[in-house]
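Trainee:
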Amino acid sequence: MKWKEQMHQLHAYQPGKSIAEVKTHHTRHSIIKLASNENPYGYSLKVDPALKEFGGTLNIYPDGKASKLRADTASLLEVNPNQLIFTNGTDELIQIISRSLIQPGKNTVMAIPTFSQYKHNAVLEGGEVREIPLIDGIHDLDRMLSAIDENTTVVWVCNPNNPTGTYIAIEKLWTFLKKVPNDVFVVLDEAYFEYVEQPGNTIELLEDFPNVMITRTFSKIYGLASLRVGYGISSVDIIQKLEAARPPFNTNVLGQMAAAAAISDQEFVKECFQKNAAEREKYYAFSLDNGLKVYLSEGNFVLIDFKWDGDEVTNFLLEKGIIVRSGKQLGFPTCVRITIGLAEQNERVREAIKEFIKERSING
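For the sequence shown, full-length UniProt numbering begins at 1 and goes up steadily by one.
(1) How about L101: is its C-beta nearer than 9 Å to some C-beta of chain B?
(2) Starting from the C-beta of S30, find all residues in its chain whose C-beta is less than 7 Å away, skip the five residues before and the five after it, and write them out in chain order.
(3) In the DSSP output, which residue or residues are listed as bridge partners for P133?
(4) Can you look up D183 in the DSSP assignment and give me helix, strand or coil?
(5) Take the Cβ of S67 as the centre, count every other Cβ of all protein chains shown within 10 Å, and call the residue buried at 16 or more, exposed below.
(6) Quick check: the segment 310-330 against the segment 282-299, are there 3 or more CB pairs under 8 Å?
(7) From the DSSP output, in three-state form, read off D149 for me.
(8) DSSP three-state call for N315: helix, strand or coil?
(9) Which residue from L242, P248, E53, E298 puts its Cα closest to that of K220?
(10) With DSSP as the reference, label Y231 as helix, strand or coil.
(11) Please say whether L224 and I96 have beta carbons closer to each other than 9 Å?
(12) Going by DSSP, name the residue or residues bridged to I31.
(13) Per DSSP, what kind of secondary structure is I362 in: helix, strand or coil?
(14) In the DSSP assignment, what are the bridge partners of F286?
(15) For residue 370, which residues of its own chain have a beta-carbon under 6 Å away from its beta-carbon, when the five flanking residues on both sides are left out?
(16) Considering Cα atoms alone, identify which of Q83, T114, Y283, I102 is closest to V212.
(17) Below 8 Å on the Cβ atoms is my contact criterion, and I expect P181 with I148 to pass it. Report the Cβ-Cβ distance as a whole number of Å.
(18) Tell me the residue span of the beta strand (DSSP E) that contains R216.
(19) Beta-carbon within less than 7 Å of C272's beta-carbon, same chain only, minus the 5 sequence neighbours each way: which residues are those?
(20) Run through DSSP, which three-state label would W156 get?
(21) Looking only at its own chain, which residues have a Cβ that is under 6 Å from the Cβ of A111, when we skip the five neighbours before and after it?
(22) Thinking just about the alpha-carbon of each residue, which of N107, N162, L188, L124 is nearest to the one in T153?
(23) Hey, which unbroken runs of the alpha helix (DSSP H) at 4 residues or more fall wholly within the segment 233-286?
(24) What residues match up with T87 in a beta bridge as DSSP calls it?
(25) Within 10 Å of its beta-carbon, does Q256 have 16 or more other beta-carbons around it, so buried, or fewer, so exposed?
(26) Could you give the distance in angstroms between the alpha-carbon of V129 and the alpha-carbon of V186?
(27) What three-state label does DSSP hand I60 in the structure shown?
(28) Using a Cβ-Cβ cutoff of less than 8 Å, which residues in the same chain neighbour P113 once the five nearest sequence positions on both sides are dropped?
(29) Determine the DSSP secondary structure at T339, reduced to helix, strand or coil.
(30) I'd like the span of the beta strand (DSSP E) that includes D305, first residue to last.
(31) Would you mind giving the Cβ-Cβ distance between D189 and V157, rounded to the nearest angstrom? I have them listed as a contact below 8 Å.
(32) Nearest by alpha-carbon distance to A261: which of E5, A50, A35 is it?
(33) I need the straight-line Cα distance from P160 to F218, nearest angstrom please.
(34) Might you give, ordered along the chain, the residues of its own chain that have their beta carbon closer than 8 Å to the beta carbon of I102, omitting 5 neighbours on each side?
(35) Would you mind sorting S226 into buried or exposed? The rule is 16 or more other CB atoms within 10 Å of its CB.
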């Protein structure tokens, strides 16, 4: 087969283990999945009644413009409906942006470690990837600026960053964006925006910086990960350009209906935010008490440094029926990323970590 040369550099995305997969090998414990940053509280109670209104017309294509979801989202965010693009998760939006702007002879700037799909898609399009190391888990915006030149097309800023959870305040973002050339597209990936303790209204940045796009998703706090609905907010001109690269009918009818119902229930969002923040604090206190470094997160996950092989920690927890994500896969080889679950799940994780620490100190 006459594959693109860059295909030989790529590997398929490796998601966290599923509960069904683990059940086939681990039967002594009930299994909890805390590896993919899903919402442990599920989704809004408004979603199921909305889906029951579906007429069963599976033979008819969905609304290609996602008209109701577009109108409802625009109303909540107080933006022009034409400033929105809807996609099959933000993964597809990253793909659309990369396909539209990255090509051989051009480069793209991003942090490292950060969300893997920025680099993956850039490599696929044949662009040069310029990765700027994080400083203690935080974007080095000054060095990112220095990496930009006349051939830079896209800059990616994951905020909060995955996998560290660290957040860049809006004031620092404004200073950074002011120095980015107007013809460079800047993507602010805000998949975890709704979990941030004191978020700035980054949408206001679009008034000063028409070269910026904000991406968000219904997969995280809205709890609709299986339905794959994401969206971007930018200037009308940029949205119009990207729409030409968007596949037709890319968001399905059930996803649109569920997302429209979910976004109408901001009380559910607030409740999930509060519960997540309270449980996150428990992880901070636990890490401090047990001599573990934890990155200060603004997401629904924590990255804990065990100063030990991340795979070994992950496998130990897996034997206890707890699925987490090894930092080895994420650029932090001695860390483990843990989704913040229900209170009882988090307590079970912490007890298992205590066992790991005790066993390794005895054996070490």
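Ideal Cβ positions, reconstructed from N, Cα and C, are used throughout, including at glycine.
Mentor: Taking the definition as stated:
(1) Annotation note: the requested chain B is absent from the structure, which comprises a single protein chain.
(2) G321
(3) I112
(4) coil
(5) exposed
(6) no
(7) coil
(8) helix
(9) E298
(10) strand
(11) no
(12) According to DSSP, which records beta bridges pairwise, I31 is partnered with nothing at all.
(13) Here the model assigns I362 a pLDDT of 42, short of 50, so the residue's position is not dependable, and the following value carries that caveat. Correct three-state label for I362: helix.
(14) In DSSP, F286 forms no bridge with anything.
(15) In this structure the chain extends from 1 to 364, so residue 370 is not present and cannot be described.
(16) Q83
(17) 7 Å
(18) 212-217
(19) N39, Y41, I221
(20) strand
(21) I132, L134, H139
(22) N107
(23) 236-243, 253-263
(24) G230
(25) buried
(26) 15 Å
(27) coil
(28) L134, P163, T164, L330, G331, F332
(29) strand
(30) 301-305
(31) 7 Å
(32) A50
(33) 16 Å
(34) T108, N121, A122, E125, G126, G127, T153, V154
(35) exposed
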